[in-house]
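*Asks:* Basically our numbering = 1-based index in the sequence shown + 68.
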Amino acid sequence: MDIELTYDKGLWRGIGGVEITYGRREWLDSTPRALGSWPLEYQRFSSTLRAVGDVEITYRRWSSAPLTVGQWHCEHSRFGTRLLRIGPYELRYHRRGSVSAVGPLEIFYDRCGSRPIRVRLHGEGESLSEDLLLALFLVLFWQKQTWDAYNQAKR
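1) Since Gly107 and Gly121 are thought to touch, with beta carbons under 8 Å apart, how far apart are those beta carbons, to the nearest angstrom?
2) Is the beta carbon of Arg81 closer than 8 Å to that of Ile88?
3) In chain order, what residues of the same chain have a beta carbon less than 7 Å from the beta carbon of Leu204, not counting five sequence neighbours either side?
4) Are His141 and Gly155 touching if we call contact CB-CB under 8 Å?
5) If I follow the unbroken beta strand (DSSP E) through Thr116, where does it start and stop?
6) With which residues is Ile175 paired in a DSSP beta bridge?
7) Would you report the Cα separation of Tyr75 and Glu158, rounded to the nearest angstrom?
8) Of the choices Ser132, Glu198, Gly181 and His190, whose alpha-carbon is the least far from that of Ser115?
This is how it looks when you write it as structure tokens:
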């Protein structure tokens, strides 16, 4: 099953049929405010995601590396630079550093390799569960934040 990731006006707008929404002034603040019916909550005066719906996210002290997502634990590489697992879902990466898979989800990027455009869920009759949707959104959201911070630092 292929799931399309949609964009409009430079903003990520959806995962399959699940809409990603922004505040009224999205041209000033490109921070997502909801994933479908789940509100996204951020730490005060920050773009650090604190909760998706009623699923709380904790981070390492003085870091943006997630420790837990609800009841799930997150596993990182030795130096904490790369997320290896989010709950039951192992992450795989391309050589260029972008996430290539989250558990059973294979991620495809545009020609430049900078924007995920499609996800393939292997297996007949499979559908994107809420857990997989949450894991996919978080991994791609955090990846985009990392890339944005890197590009900002290069300026």
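The beta carbon of each residue, even a glycine, is placed where N, CA and C say it ideally should be.
*Replies:* Let me spell this out:
1) A small fix is needed here, since residue 107 is Pro in this sequence, not Gly. Confirmed, about 7 Å.
2) For the pair Ile88 and Arg81, the CB atoms are nearer than the 8 Å cut-off.
3) Taking C-beta separations shorter than 7 Å and ignoring five residues to either side along the sequence, the partners of Leu204 in its chain run Ile83, Val170, Leu173 and Val187, following chain order.
4) Yes, they are a contact pair.
5) Careful: Thr116 lies outside any beta strand (DSSP E) and carries neither H nor E.
6) Answer by DSSP bridge pairing, in chain order: Val187.
7) The straight-line gap from Cα to Cα measures roughly 26 Å.
8) For the residues Ser132, Glu198, Gly181 and His190, the minimum Cα distance to Ser115 belongs to Ser132.
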